[in-house]
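Reading through the structure tokens given below for one structure.
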Amino acid sequence: MASAAPSRVLVVAYRTAATPLLINAVRARSHRGECAFTLLVPRPYWDPDTDEASATLELAIPLLEEAVGGHVDGIIGDSDPFVAVRDAVTELAIDEIIISTLPARVSQWLRRDLPHRVERFGLPVTVVTAQQSERAVVSRSLG
Numbered sequence: 037m038a039s040a041a042p043s044r045v046l047v048v049a050y051r052t053a054a055t056p057l058l059i060n061a062v063r064a065r066s067h068r069g070e071c072a073f074t075l076l077v078p079r080p081y082w083d084p085d086t087d088e089a090s091a092t093l094e095l096a097i098p099l100l101e102e103a104v105g106g107h108v109d110g111i112i113g114d115s116d117p118f119v120a121v122r123d124a125v126t127e128l129a130i131d132e133i134i135i136s137t138l139p140a141r142v143s144q145w146l147r148r149d150l151p152h153r154v155e156r157f158g159l160p161v162t163v164v165t166a167q168q169s170e171r172a173v174v175s176r177s178l179g
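For what it's worth, the numbering used here labels the leading residue of the sequence shown as 37, then goes sequentially.
Set out below in structure tokens:
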């Protein structure tokens, strides 16, 4: 009897990619069933060489791998987060999406209604919104 293929979960994050709230959400998702995770970091428009996005992947992937007890892929996407998600969903045959955002009062992604726009793909979408204190901890660890 063949086992079901793991669910392909796209985790979309930039500045919140290594926050405890996101790491705990990914850990919880991994406990609900076998998953293959990909962290998508949309490239900041001011970073055409993707240095910041690469640094984000470098910081976050080991933390996510520890949380899930396995491999996590990482990709850098388009500077428009909607386009980045659309491309990843198309190319990677994603089954569900976790979007991690900054707090609502400062999040461009929430202001642009990214979670609702992404729901148009017909996939389950979970939104994890970081607290201001979490962002401060991550910022200190980066520099």
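Where a beta carbon is used, it is the ideal one built from N, C-alpha and C, also for glycine.
Secondary structure in the region 95 to 159: the alpha helix (DSSP H) runs of 4 residues or longer, each lying completely within the stretch, are 117 to 128, 144 to 147, 150 to 154 in chain order.
When A72, G158, V47 are compared, the shortest CA-CA separation from A41 is found for A72.
Relative to the Cα of V104, the nearest Cα in the group D131, L75, T162 belongs to L75.
Cα atoms of D123 and I97: separation of roughly 20 Å, rounded to the nearest angstrom.
Residue pairing of A72 in beta bridges, as defined by DSSP: R44. Going by DSSP, T162 is part of the beta strand (DSSP E) stretching over 161 to 165.
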